[in-house]
Amino acid sequence: MVEFDEIIKTRRSIREYGDREVSEEDIMKILKAGMQAPGSRLGAEPWEFVVIRNREALAKIGEIKPRVTNAPVAIVLVANIERAFYKTVWQQDMGAAAENMLLEAVNLGLGGLWNGVAPEEERMAKIGEIIGIDDISDMKPYCVITIGYPAEGWENKFMDKFDESRIHYEKY
Ligand SMILES: Cc1cc2nc3c(=O)[nH]c(=O)nc-3n(C[C@H](O)[C@H](O)[C@H](O)COP(=O)(O)O)c2cc1C
Numbered sequence: 112m113v114e115f116d117e118i119i120k121t122r123r124s125i126r127e128y129g130d131r132e133v134s135e136e137d138i139m140k141i142l143k144a145g146m147q148a149p150g151s152r153l154g155a156e157p158w159e160f161v162v163i164r165n166r167e168a169l170a171k172i173g174e175i176k177p178r179v180t181n182a183p184v185a186i187v188l189v190a191n192i193e194r195a196f197y198k199t200v201w202q203q204d205m206g207a208a209a210e211n212m213l214l215e216a217v218n219l220g221l222g223g224l225w226n227g228v229a230p231e232e233e234r235m236a237k238i239g240e241i242i243g244i245d246d247i248s249d250m251k252p253y254c255v256i257t258i259g260y261p262a263e264g265w266e267n268k269f270m271d272k273f274d275e276s277r278i279h280y281e282k283y
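In terms of my numbering, the sequence shown is numbered consecutively and its last residue is 283.
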């Protein structure tokens, strides 16, 4: 386990992975972290998760999101609008879950990448088709999180993004 402050500071987008498999246990921890995120209505969170290890499926998704091709595992985050109470803010709900998952990956010594899908409808439809969703009006593929042990040169490490000029007190 890594100190929380260190997790936040060192998380980076890890786009290449080593061969080492990611355990089911770790994937479950990452899914639990996702579901622990704040949502716009408690008990009406829209998120669904599709865990993919099948190499053919990963390669197919890779045709749309290239970094998925060589990842040991990918999780497609899907917003199930029927579950949502506030139906217009699903992108915020899903974003909170995605970030929690990336942070948990760092906590476990893994690396992750947010592969953007929504809001581009064509991309959403193509990803949906691959995972068995043929109508994206109520089931919206949001992003694909790839997970793996970072390849050499892709370690999670601190890069200072702080910019004091973005902070405003009382008024902009
Ligand atoms: C909404 C969103 C979509 C993203 N989509 C992609 C993507 O499709 N491919 C990719 O390589 N990185 C993607 N990223 C990762 C960003 O490029 C990355 O977070 C940014 O460059 C900052 O680098 P860092 O994560 O290492 O701090 C995405 C991030 C977000 C938040």
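Cβ atoms here follow ideal geometry from the backbone N, Cα and C, with glycine treated the same way.
- The secondary-structure analysis by DSSP pairs Phe160 across a beta bridge with Leu188.
- The criterion of a C-beta distance shorter than 8 Å is not satisfied by Ile256 and Ile172.
- Asn226 sits in a strand when the DSSP states are folded into three classes.
- The Cβ neighbour count for Ala170, taken over all protein chains shown within 10 Å, is under 16; the residue is labelled exposed.
- DSSP lists no beta-bridge partner residue for Gly129.
- Considering only Asp116, Arg123 and Gly154, the residue with the shortest C-alpha distance to Gly259 is Arg123.
- Short of 7 Å from the beta carbon of Lys140, and not among the five residues preceding or following it, lie these beta carbons of its own chain, in chain order: Glu215 and Leu219.
- With distances taken between CA atoms, Pro149 lies nearest to Met212 out of Val133, Met212, Tyr280 and Val217.
- Bridge partners of Ser124 according to DSSP: Gly223.
- In the structure shown, Val200 adopts coil according to DSSP, grouped into three states.
- Taking one beta carbon from each stretch, the region 261 to 274 and the region 182 to 197 have fewer than 3 pairs nearer than 8 Å; the two do not touch.
- Around the beta carbon of Tyr197, a 10 Å sphere encloses fewer than 16 other beta carbons of the protein chains shown; the residue is thus reported as exposed.
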